[in-house]
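Only one structure is covered here, and it is reproduced in the block below.
This is the structure:
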């Protein structure tokens, strides 16, 4: 069946580094991709909605200059955490949707900033 | 505004016990989707069920069953004869019926099944 691939699974890096996370729909074209964030022992919170070829829509309280989203093709969206700090450490998970597929989630990326 | 409430933060049971995870939702929409996901310690979300608001029939899949009651805005999940492998965080979620909308998640219920 349809699969969403998210890469990398784990990232550990120093404070101040920028980190890019990729979300790919493997066998379908994703009109819309969503990025969620999950802090330890908390729920998943929507960060932004990404539509191919247009600017992402960010949820209230999410800094668009810090969390750069690019959805350049129908199969790839990227989230770049710029100048990451320890408070950005979290579990980031994407999901992809098209009119022919229900929403599918990636396996998530654990980001640890030292 | 849409909201999903999972009042049970943590539940502990012994293997073979039945357990019900509660989910209450709020929405002004007349049409919507409800979901349940399982999140094991490894972190990925495992899709369990999607139910649209038109269909109030209860569903059974193996040891899993779901009770959708529109009158009480509830979508409860029961695991029969629980097993250690059922230990995980379970999320209930809600979305618009309109295609391509994000999910609103409850806070999750951590289920611990001991042998």
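Protein chains in written order, with our numbering: chain A, 88 to 201; chain B, 7 to 121. Glycine included, each C-beta is placed from N, C-alpha and C at the ideal position. Computed from a predicted model, the values in this text were never measured in an experiment.
- In the displayed model, residue 77 of chain B falls within a helix according to three-state DSSP.
- Non-local beta-carbon contacts of residue 93 of chain B in its own chain, meaning distances under 7 Å to residues more than five positions away in sequence, involve 117, 118 and 119 in chain order.
- With the criterion set as a beta carbon lying under 7 Å from some beta carbon of chain A, the members of the segment 50-83 of chain B are 50, 51 and 56, in sequence order.
- For the C-beta of residue 152 of chain A, not a single chain B residue is nearer than 8 Å; the gap to the nearest is close to 21 Å.
- Within chain A, the residues placing a beta-carbon under 8 Å from that of residue 113 of chain B are 129 and 130, ordered along the chain.
- Taking the C-beta atoms as reference points, residue 106 of chain B is found no nearer than 8 Å to residue 144 of chain A.
- Below the 8 Å Cβ cutoff, chain B contributes 49 as neighbours of residue 178 of chain A, in chain order.
- Note on geometry: alpha-carbon atoms of residue 97 of chain A and residue 120 of chain A lie some 20 Å from one another.
- Exclusion of the five residues before and after residue 173 of chain A leaves 200 as the residues of its chain whose Cβ lies within less than 6 Å of its Cβ.
- What residue 136 of chain A touches in chain B, judged by beta-carbon distance under 8 Å, is 108, going in chain order.
- By DSSP's assignment, residue 98 of chain B forms a beta bridge with B:42.
- For residue 165 of chain A and residue 22 of chain B, the gap between their C-alpha atoms comes out near 43 Å.
- Beyond the five residues adjoining it in sequence on each side, residue 175 of chain A comes within less than 7 Å, by CB distance, of 168, 198 and 200 in the same chain, given in chain order.
- Counting along the chain, residue 107 of chain A sits inside the beta strand (DSSP E) bounded by residues 106-112.
- 8 Å or more divides the Cβ of residue 54 of chain B from the Cβ of residue 192 of chain A.
- Distance from residue 60 of chain B to residue 131 of chain A at the Cβ level is roughly 26 Å; contact not present, criterion being Cβ atoms closer than 8 Å.
- When the Cα atoms are used, residue 89 of chain B and residue 121 of chain B turn out to be separated by approximately 8 Å.
- Nearest CB-CB separation between residue 95 of chain A and chain B: not below the 8 Å threshold.
- A direct Cα-Cα distance of roughly 33 Å separates residue 43 of chain B from residue 102 of chain A.
- Residue nearest to residue 114 of chain B within the set B:12, B:8 and B:73 is B:12 (criterion: CA-CA distance).
- Residue contact with chain B for residue 133 of chain A: present (Cβ-Cβ distance below 8 Å to some residue of chain B).
- Interface flag for residue 140 of chain A against chain B is unset, since no Cβ pair is found closer than 8 Å.
- Residue state for residue 62 of chain B is assigned as coil, using DSSP reduced to three classes.
- Listed along chain B is no residue with a C-beta nearer than 8 Å to that of residue 124 of chain A; the closest approach is about 11 Å.
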